[in-house]
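The numbering of the sequence shown is the numbering used here, which starts it at -4 and goes up by one. Taking it in order: structure first as structure tokens, then the write-up.
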Amino acid sequence: MSALAPVIAVDGPSGVGKGTLCQWLAVRLGWRLLDSGALYRLTALAALRRNAPLEDEDRVAAVATRLEAEFTVRADGGLRITLDGTEVGVELRTEQCGNAASRVAALPAVRAALLQRQRDFRRAPGLIADGRDMGTMVFPDAELKLFLTASAEERAQRRHKQLSQQGLDANLKSLAGEIAERDARDSQRAIAPLRPAADAEILDTTRLKIADVCAWALALTAQRLTLPELR
Ligand code: C5P
């Protein structure tokens, strides 16, 4: 039996910069990318489209099991995401969708329905896995586990900038409130709460530039994994 492909797990709260770091690492190493938050967002969006109440665990889990979603990597490393054959990139990134995702993500049957789908992304030459429970639940045997933090204020600012750049409507004050609500739900839920794995490397990025975060991650990758990509 062949050995499993290596995984770098990147976890942390909303708006901390995981997505940017993960995309950069995936391009730098030529590895695959799992945006696990997108799977929860897609589940929420599909449930809303099918008029399934977000707290109806059985119905939402059935939606997650049958999710017709596709991820394709663009030349710039960004992801093109489709639901039922139609691109949903912009709709998926709204804070409303993030909030709906965090509601369905608290349901154990939904998490169970998405578990194997996430693990199936683990293929050669390696996987960068972006989420909340990559290092604790989905890939507990990951070769490297990174956990990013930043103050809630800084994360609201970053998310605001990101949404504005995408042409999405964003109000800093309401964003800060929504992020706080999402943080509380994600870290207090009974199943797979947001927390660093015992063996995770933790970095507070509040005062750092993204280039510093990327350099930190790459240095740890080079220390822990013997990769021809880094020679
Ligand atoms: O990372 P993103 O903002 O896209 O995630 C949306 C929501 O999906 C999070 O607030 C969280 O509740 C949920 N999520 C999760 N586990 C993951 C990734 C995301 O519970 N691995």
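Each residue gets a CB set at the ideal place from its N, CA and C atoms; glycine is no exception. These figures come from a predicted structure and were not determined experimentally.
Query raised in the report: Can you tell me where the alpha helix (DSSP H) with residue -1 in it begins and where it stops?
Result: On the sequence shown, position 4 is the one that residue -1 refers to. No alpha helix (DSSP H) holds residue -1; DSSP gives it neither H nor E.
Query raised in the report: Using the C-alpha atoms, what's the distance from residue 71 back to residue -4?
Result: Taking the sequence shown and counting its residues from 1, one reaches residue -4 at position 1. Taking the sequence shown and counting its residues from 1, one reaches residue 71 at position 76. Its pLDDT being 46, under 50, residue -4 is placed unreliably by the model, and the measurement read from it follows with that caveat. Rounded to the nearest angstrom, the two C-alpha atoms are 34 Å apart.
Query raised in the report: Under a CB-based cut-off of 8 Å, is residue 161 close to chain B?
Result: No chain B is present in this structure, which holds just one protein chain.
Query - Residues that residue 126 bridges to, as DSSP identifies them - result: Walking along the sequence shown from the start, residue 126 turns up at place 131. Its beta-bridge partners are 6.
Query raised in the report: Any chance the region 139 to 153 sits against the region 50 to 58, with 3 or more Cβ pairs inside 8 Å?
Result: no
Report task. Report yes if the CB atom of residue 34 is closer than 8 Å to the CB atom of residue 121, and no otherwise. Result -> Along the sequence shown, read from residue 1 onward, the residue named residue 34 stands at position 39. Along the sequence shown, read from residue 1 onward, the residue named residue 121 stands at position 126. Cβ distance not < 8 Å, so residue 34 and residue 121 don't count as in contact.
Query raised in the report: Does the pairing of the region 9 to 27 with the region 193 to 205 give three or more beta-carbon distances under 8 Å?
Result: yes
Report task. Could you tell me whether the region 0 to 9 touches the region 179 to 192, where touching means 3 or more Cβ pairs closer than 8 Å? Result -> yes
**Report entry** Integer Cβ distance of residue 175 from residue 11, believed to fall under 8 Å
**Finding:** In the sequence shown, counting from the first residue as 1, residue 175 sits at position 180. In the sequence shown, counting from the first residue as 1, residue 11 sits at position 16. 14 Å between Cβ atoms; not a contact.
**Report entry** As assigned by DSSP and simplified to three states, the class of residue 204
**Finding:** One-based indexing of the sequence shown puts residue 204 at position 209. Residue state, collapsed to three classes: coil.
Requested in this report: Leaving aside the five residues before and after residue 1 along the sequence, list all residues of the same chain whose C-beta is less than 7 Å from its C-beta, in chain order.
Outcome: In the sequence shown, residue 1 corresponds to position 6, counting from 1. Within the same chain, residue 1 has close Cβ partners 121, 138, 220.
Query - Pairwise C-alpha distance: residue 217 and residue 209 - result: As a first step, residue 209 must be located in the sequence shown, where it is residue number 214. As a first step, residue 217 must be located in the sequence shown, where it is residue number 222. Their backbone Cα atoms lie some 12 Å apart in a straight line.
Requested in this report: Closer than 6 Å by C-beta to residue 131: which residues in its own chain qualify, once you throw out the five before and the five after it? Chain order, please.
Outcome: Within the sequence shown, residue 131 is the residue found at index 136, counting from 1. The beta carbon of residue 131 sits closer than 6 Å to those of 192, all from its chain and outside the five residues before and after it, given in chain order.
Query raised in the report: How should residue 76 be labelled, buried or exposed, when 16 other C-beta atoms within 10 angstroms of its C-beta is the threshold for buried?
Result: In the sequence shown, residue 76 corresponds to position 81, counting from 1. With 16 or more other Cβ atoms within 10 Å, it is buried.
Query raised in the report: Going by the beta-carbon positions, is the gap between residue 40 and residue 87 smaller than 8 Å?
Result: By one-based count along the sequence shown, residue 40 stands at place 45. By one-based count along the sequence shown, residue 87 stands at place 92. In contact: residue 40 and residue 87 (Cβ atoms closer than 8 Å).
Query raised in the report: What residue does the beta strand (DSSP E) around residue 98 start on, and which one ends it?
Result: By 1-based counting over the sequence shown, the position of residue 98 is 103. Where residue 98 is concerned, there is no enclosing beta strand (DSSP E), although the alpha helix (DSSP H) it sits in stretches over 90 to 99.
Requested in this report: Pick out whichever of 108, 169, 147 has its Cα sitting closest to the Cα of residue 133.
Outcome: Against the sequence shown, residue 133 aligns to sequence position 138. Closest by alpha carbon: 108.
Query raised in the report: Roughly how many angstroms lie between the CA atoms of residue 20 and residue 67, to the nearest whole one?
Result: As a working note, residue 20 is residue 25 in the sequence shown. As a working note, residue 67 is residue 72 in the sequence shown. Going from the Cα of residue 20 to the Cα of residue 67 covers about 17 Å.
Query raised in the report: In the structure shown, what three-state DSSP assignment does residue 75 receive?
Result: As a first step, residue 75 is located in the sequence shown; it is residue number 80 there, counting from the start. The answer is strand: DSSP assigns residue 75 an E or B state.
Query raised in the report: Apart from the five residues on each side of it in sequence, which residues of its chain come closer than 8 Å, Cβ to Cβ, to residue 163?
Result: In the sequence shown, residue 163 corresponds to position 168, counting from 1. These residues qualify, in order along the chain: 85, 88, 89.
Query raised in the report: With burial defined as no fewer than 16 other Cβ atoms inside 10 Å of the residue's Cβ, what is the status of residue 123: buried or exposed?
Result: Position 128 of the sequence shown, counting from 1, holds the residue named residue 123. It is buried - the Cβ of residue 123 has at least 16 other Cβ atoms within 10 Å.
Query raised in the report: Can you tell me where the beta strand (DSSP E) with residue 27 in it begins and where it stops?
Result: Here the question's residue 27 lines up with position 32 in the sequence shown. Unbroken beta strand (DSSP E) run through residue 27: 27 to 30.
Report task. If I'm right that residue 116 touches residue 29 with Cβ under 8 Å, what's the distance once you round it to whole angstroms? Result -> Within the sequence shown, residue 116 is the residue found at index 121, counting from 1. Within the sequence shown, residue 29 is the residue found at index 34, counting from 1. Rounded, the Cβ-Cβ distance is 4 Å, consistent with contact.
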